[in-house]
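A.B. asks: Following the UniProt record's numbering, the numbering of the sequence shown begins with 1 at its first residue and continues without gaps.
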Amino acid sequence: MESGDEGTYKMMQFLARYGIVFIKDVPTTVEGTQRLSERIGPIKNTLYGGMWSTRAASDEEETFNDTAYGNAALPMHTDGTYFHDPPGLQVFNCAVPGAGGTGASRFLDGHRAAADLRARAPWAFRYLSSASFEYQCHDQRCHLRASGPIFKLNAHGKIIQVRHNDTDQLPLGGRPAQEVELFYRAHRELMALLEGE
1 MESGDEGTYK
11 MMQFLARYGI
21 VFIKDVPTTV
31 EGTQRLSERI
41 GPIKNTLYGG
51 MWSTRAASDE
61 EETFNDTAYG
71 NAALPMHTDG
81 TYFHDPPGLQ
91 VFNCAVPGAG
101 GTGASRFLDG
111 HRAAADLRAR
121 APWAFRYLSS
131 ASFEYQCHDQ
141 RCHLRASGPI
151 FKLNAHGKII
161 QVRHNDTDQL
171 PLGGRPAQEV
181 ELFYRAHREL
191 MALLEGE
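1. Where does Cys94 land, buried or exposed, given buried means 16+ other C-beta within 10 angstroms?
2. Please report the residue range of the alpha helix (DSSP H) in which His143 lies.
3. Alpha carbon to alpha carbon, how far is Asn165 from Val21?
4. Between the beta-carbon of Leu128 and the beta-carbon of Leu190, is there less than 8 Å?
5. For the 8 Å Cβ check, are there 3 or more pairs between the segment 108-125 and the segment 133-144?
6. Does Gly49 come out as helix, strand or coil in the three-state DSSP assignment?
7. Can you tell me where the alpha helix (DSSP H) holding Glu38 begins and where it ends?
8. Using CA atoms only, rank isn't needed, just tell me which of Ser147, Gln90 and Gly148 is closest to Ser53.
9. Measure the alpha-carbon distance for Met11 versus Thr78 and round it to whole angstroms.
10. Assuming Ala114 contacts Ile159 under a Cβ cut-off of 8 Å, what Cβ separation, rounded to an integer in Å, is found between them?
11. Suppose you measure from the CA of Gly50 to the CA of Thr29; what does that come to, to the nearest Å?
12. Would you kindly work out how many angstroms separate the C-alpha atoms of Ala104 and Leu74, rounded to a whole number?
13. Tyr82: which of Glu6, Ser37, Ser147 and Val26 sits nearest, CA to CA?
14. Report yes if the CB atom of Pro87 is closer than 8 Å to the CB atom of Lys44, and no otherwise.
15. Going by the beta-carbon positions, is the gap between Asp168 and Cys137 smaller than 8 Å?
16. Using 8 Å as the threshold, is the C-beta distance between Leu15 and Leu144 below it?
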């Protein structure tokens with residue numbers, strides 16, 4: 001990436017247009033990643049800290065109870081669904097790829113998927129943008145819990161947030177059977193889009 005304001009401007013243009021940007025030659029240190037991140041905006045402090053590292057951990061290591069510390073393939077999801085204000089933008093610096101192909105990331109435009117769902121199955125989009133779902137992160141050090149719709153809309157109906165992570169979502173307990181059935185029908189429609197079916 002070009003240094004200085006011109007490089008930052010180009011990076012922000014790509015980010016605004018595509019929702020994702022890949023940058024080469026960033027130092028593989030936390031400090032190098034932090035310097036780049038601060039060119040975009042302030043770093044949000046969470047229970048993990050401002051900056052942190054993830055990697056597949058052994059069974060003996062103490063980590064947060066989060067799929068980020070495992071090496072299993074993950075379905076498409078957004079991170080931090082258990083925060084009242086989930087991250088709007090995340091920066092990853094892949095310093096060392098996982099052994100045997102683990103650690104590979106897949107990316108998808110969640111806002112585009114939401115728009116496609118709105119066009120393809122309006123009933124599913126209406127439900128997933130009006131019903132509230134609960135998410136949690138629970139381990140020995142913390143218990144975070146937050147709720148919200150999968151698609152958050154502004155007053156004009158524009159999609160402003162996608163909150164979706166099946167591994168963090170709590171059961172639908174206490175809802176009428178008819179609503180549970182509606183959720184699973186809508187969820188199947190959403191997953192077909194997210195997983196390219």
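Ideal Cβ positions, reconstructed from N, Cα and C, are used throughout, including at glycine.
Predicted model only: the values in this text are computed from it and were never measured.
C.D. replies: With the structure as the only source:
1. exposed
2. It is not in any alpha helix (DSSP H) - His143 instead sits in the beta strand (DSSP E) that spans His143 to Gly148.
3. 22 Å
4. yes
5. no
6. strand
7. Val30 to Ile40
8. Gln90
9. 22 Å
10. 5 Å
11. 14 Å
12. 10 Å
13. Ser147
14. yes
15. yes
16. no
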